[in-house]
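Numbering-wise, the sequence shown is residues 1 to 193 according to our numbering.
Below: the structure, in structure tokens.
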Amino acid sequence: MKKLILSGILAIGTVLAVKAQTVKFGVKGGLNLAKITNESSAKTRASFYAGGLVNIALDQNWAIQPELLYSGQGAKLKSSYLGGLITTEGTLKTDYINIPVMVQYSIVPAFYLEAGPQLGILAGAKVKGGNVSVDIKDQMKTVDFGIGVGFGYKFDMGLGVSGRYNFGLTNIYDSDKTTNKNSVAQIGLFYMF
1 MKKLILSGIL AIGTVLAVKA QTVKFGVKGG LNLAKITNES SAKTRASFYA GGLVNIALDQ
61 NWAIQPELLY SGQGAKLKSS YLGGLITTEG TLKTDYINIP VMVQYSIVPA FYLEAGPQLG
121 ILAGAKVKGG NVSVDIKDQM KTVDFGIGVG FGYKFDMGLG VSGRYNFGLT NIYDSDKTTN
181 KNSVAQIGLF YMF
């Protein structure tokens, strides 16, 4: 299934590149503010994202931008026992390889809005509390589907700033008892060659 999806993304990218007016490559990275939905004790966890992109201009206003990104996600967790007498704190650290394919529309030449699907492949998952770290990757789904919406501003020299919100559409845990999804706000920089 993963190979089929990746092959489809590559095929679409190839067709678009052939018809495109301009193809630019770039790198991007920045701050992730991640959280897990439907988890009352979950608080925002700060991490980072980094990777590469291909911007395929279809015309003066429209572009397609597939990306390949490492993304640190998860949440800070806090649990209370015995009526709040005992409190434990920990961090859920999840590492994803995300493949968003964003459709961008330039409102003015330098400013754009974007939206598109995202495929996330789980690379690692640990819960850390104090000196204890437990690998929980086998308790989580290896594939996460989501939608991203965002904006960006491109400066003349190839440098730009962007913001995006990615919300998961699928449960991240193998258990069907609760439905928890990824929720990630991103702000960062990109550079196009």
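Virtual Cβ for every residue (Gly too), placed ideally from N, Cα, C.
Spatial neighbours of residue i in its chain, beta-carbon cut-off 6 Å, leaving aside the 5 residues before and after
| i | result |
| --- | --- |
| Ala75 | Lys35, Ile36, Ala42, Arg45 and Leu92 |
| Leu69 | Tyr49, Gly51 and Asn98 |
| Gly168 | Asp144, Gly146, Lys181 and Asn182 |
Supposed close pair residue i, residue j - CB separation, criterion 8 Å
| i | j | result |
| --- | --- | --- |
| Val23 | Ile56 | 5 Å |
| Gly146 | Gly120 | 7 Å |
| Phe193 | Gly26 | 6 Å |
| Ile212 | Lys126 | Residue coverage of the chain in this structure runs from 1 to 193, which leaves residue 212 outside it and unanswerable. |
Proximity below 9 Å, CB of residue i to CB of residue j
| i | j | result |
| --- | --- | --- |
| Thr94 | Gly124 | yes |
| Thr178 | Gly129 | no |
| Lys28 | Phe155 | no |
| Tyr96 | Asp174 | no |
| Gln194 | Leu58 | Any question about residue 194 goes unanswered here, given that the chain covers just 1 to 193. |
| Ser71 | Ser47 | yes |
Residue i in three-state terms, based on DSSP
| i | result |
| --- | --- |
| Gln139 | helix |
| Pro109 | coil |
| Phe237 | This structure does not reach residue 237, given that the chain is present from 1 up to 193, and the question cannot be answered. |
| Lys177 | coil |
| Ser183 | strand |
| Ala42 | coil |
Minimum Cβ-Cβ distance from residue i to chain C less than 9 Å
| i | result |
| --- | --- |
| Leu69 | The structure shown contains no chain C, having only a single protein chain. |
Chain-order list of residues whose beta-carbon lies under 7 Å from that of residue i (same chain, five-residue window excluded)
| i | result |
| --- | --- |
| Asn61 | Tyr105 and Ser106 |
| Tyr153 | Ala110, Phe111, Gly160 and Val161 |
| Val103 | Ile64, Glu114, Ala115 and Gly116 |
(request) Assess, as a yes-or-no matter, whether the segment 156-169 is touched by the segment 132-139 under the definition of 3 or more beta carbon pairs within less than 8 Å. (result) In short, these stretches do not touch, since the Cβ pair count stays below three.
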